Amino acid sequence: MLQAYPDPMTSSSSVLLIPGDGVGAEVVPAAARVLAGLVPELHFDEAEAGWACFQRCGSALPAATLAAARKTGAVLFGATQSPSTEVPGYASPILALRRELDLYGNLRPARSLPGERPVFDLLIVRENSEGLYSGREHAIADGFVAERVITRTASMRIARLACEQALLHAARVGRPARLTVVHKANVLKKTDGLFRSACLEVAANYPTLQVGEMLVDTAAMWLAKDPGRFDVLVTTNLFGDILSDLAAGKAGGLGLAPSANIGGHGVALFEPVHGSAPDIAGKGIANPLGALRSSVMLLQYLGYEAAAQRLDAAIEYVLVHGPLPVDLGGQATTAQVAGAVLDMALRTV
Ligand code: GGG
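Residue numbers for the sequence shown follow our numbering, beginning at 13 and rising by one.
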């Protein structure tokens with residue numbers, strides 16, 4: 013049987029909250045209150061990570077946080093705020109979490125707002141463990157080199173995950189299963205050539221899957237022009253990061269975009285795609301819907317499918333009827349939006 017997650021956690025009701033920096037510290041508690049209201053048996057622990065944590069204790073990802081993530085298995089993460097200049101001893105906690113927990117697949121769904129055109133419902137499967145986003149750089153005589161490592165092992169395993177997700181997505185949306193392999197193999201013949209051939213080789217084992225390929229620049233154009241032509245896309249780390257923000261822009265903005273970091277053995281991490289948004293942090297107006305949609309994915313991972321569907325439907329309802337957060341043109345606070353979602357979700361019990 014197909015499973016949404018390769019290693020679902022159906023026997024646990026524990027969630028580790030890592031709010032992190034900026035608005036992460038607002039949207040994660042708001043989402044946790046909704047989760048607790050919806051599924052009273054859930055148990056929450058909290059751990060720290062991020063830039064503020066680094067400034068306080070000298071580590072952006074304390075060993076205790078990593079150990080708690082491993083022990084708990086289901087993590088709701090907020091946001092990080094890594095500085096754009098080098099700071100001795102600092103390393104991005106979200107990259108470290110993905111690496112240490114072997115969370116090699118990043119699922120980034122995007123769907124059109126209710127009632128809006130063009131209608132689309134797509135999923136970007138982003139390779140999460142290597143590629144240019146790994147931040148591996150070294151000095152040369154007159155500058156620096158960023159390494160873009162692409163391996164057959166990582167490409168094959170993300171391809172398998174994407175094929176499974178394409179079948180699941182097709183069953184959910186009621187369309188034939190379609191996967192688009194996104195790369196730049198015409199220029200990056202070795203690295204993306206390997207990624208492309210590994211994906212096509214794996215996909216050939218899925219006879220019901222329609223498989224296509226597209227150059228990343230063309231994919232960006234079509235995502236902007238007609239996202240409805242896509243179902244599931246699989247791509248490398250940085251391309252996936254950029255394309256998923258583009259897709260989020262078509263789907264109402266970053267404030268709504270959820271993600272799941274999966275593939276680790278007995279652990280998965282869910283996070284809104286948005287960052288720490290320092291410009292609005294502390295004002296109580298951050299949009300909690302990205303964290304709440306990530307919580308839908310977390311509930312599915314934990315096996316609470318009915319609660320996940322109720323939460324998802326309640327979010328859709330609030331998107332239509334309000335109250336809306338500031339980034340969606342409304343005036344509601346984080347707490348008011350989350351409260352309205354919980355009220356609606358409980359009304360459907
Ligand atoms: N919730 C996703 C998030 O925090 N995005 C910002 C991000 O990942 N930045 C990279 C970093 O700060 O290391």
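Each residue gets a CB set at the ideal place from its N, CA and C atoms; glycine is no exception.
On a predicted model such as this, the values are computed, not experimentally measured, just so you know.
Counting only residues of its own chain and dropping the five nearest sequence neighbours on each side, T92 has a CB closer than 8 Å to the CB of G32, D33, G36, A61, G62, W63, A72, S104, P105, I106, G287, S288.
Between D133 and R123, the gap from beta carbon to beta carbon is short of 7 Å. Contact residues of ligand 1 (beta-carbon closer than 5 Å to any heavy atom; chain order) are A91, T92, S94, S104, I106, E283, G287. In this structure, the CA atom of R120 is about 5 Å from the CA atom of I136. Around the C-beta of Q343, fewer than 16 other C-beta atoms lie within 10 Å, and the residue is accordingly described as exposed. If you draw a 10 Å sphere on the C-beta of C175, you find 16 or more other C-beta atoms in it, and that means buried. Take the alpha-carbon of F56 and the one of L28: they are about 6 Å apart. Put simply, the backbone Cα of I292 is about 31 Å away from that of Y313. Looking from the CA of R172, the closest CA among E317, I274, R110 belongs to I274.
Here the alpha carbon of A298 sits roughly 19 Å from the alpha carbon of L125. Contact check between the region 207-223 and the region 258-269: fewer than three CB pairs, one atom from each, fall below 8 Å, which does not count as touching.
In the DSSP assignment, L221 falls outside any beta strand (DSSP E), carrying neither H nor E.
Under DSSP, F282 takes part in a beta bridge, and its partners are L88, A272. Residue pairing by DSSP puts N118 in a beta bridge opposite R138, N273. Remark: fewer than three beta-carbon pairs, one from each stretch, lie closer than 8 Å, so the region 247-263 and the region 318-330 are not flagged as touching. Counting only the Cα atoms, A153 lies some 27 Å from S94. Note on geometry: alpha-carbon atoms of K196 and A48 lie some 44 Å from one another.
Counted as a single uninterrupted DSSP element, the beta strand (DSSP E) harbouring T247 occupies residues 244-247. Proximity of the region 176-190 to the region 225-233 falls short of the contact definition, fewer than three beta-carbon pairs being nearer than 8 Å. Nearest neighbour of D238 by Cα position, chosen from R129, P100, R359, P270, turns out to be R129. DSSP places T163 outside both helix and strand once states are collapsed to three, so it counts as coil. CA-to-CA, the gap between P270 and F89 works out to about 11 Å. Per DSSP, S307 is one residue of the alpha helix (DSSP H) stretching across 301-314. Look at T346 here: in three-state DSSP terms it is helix. Minimum Cα-Cα distance from M309 among the listed residues Q348, D324, V46 corresponds to D324.
Taken in chain order, the complete alpha helix (DSSP H) segments of 4 or more residues contained in the region 173-260 are 203-215, 228-237. With contacts defined by Cβ atoms closer than 7 Å, M168 and T192 do not form a contacting pair.
Note on geometry: alpha-carbon atoms of L358 and K295 lie some 27 Å from one another.
In this structure, L301 keeps its C-beta atom at 7 Å or more from the C-beta atom of L354.
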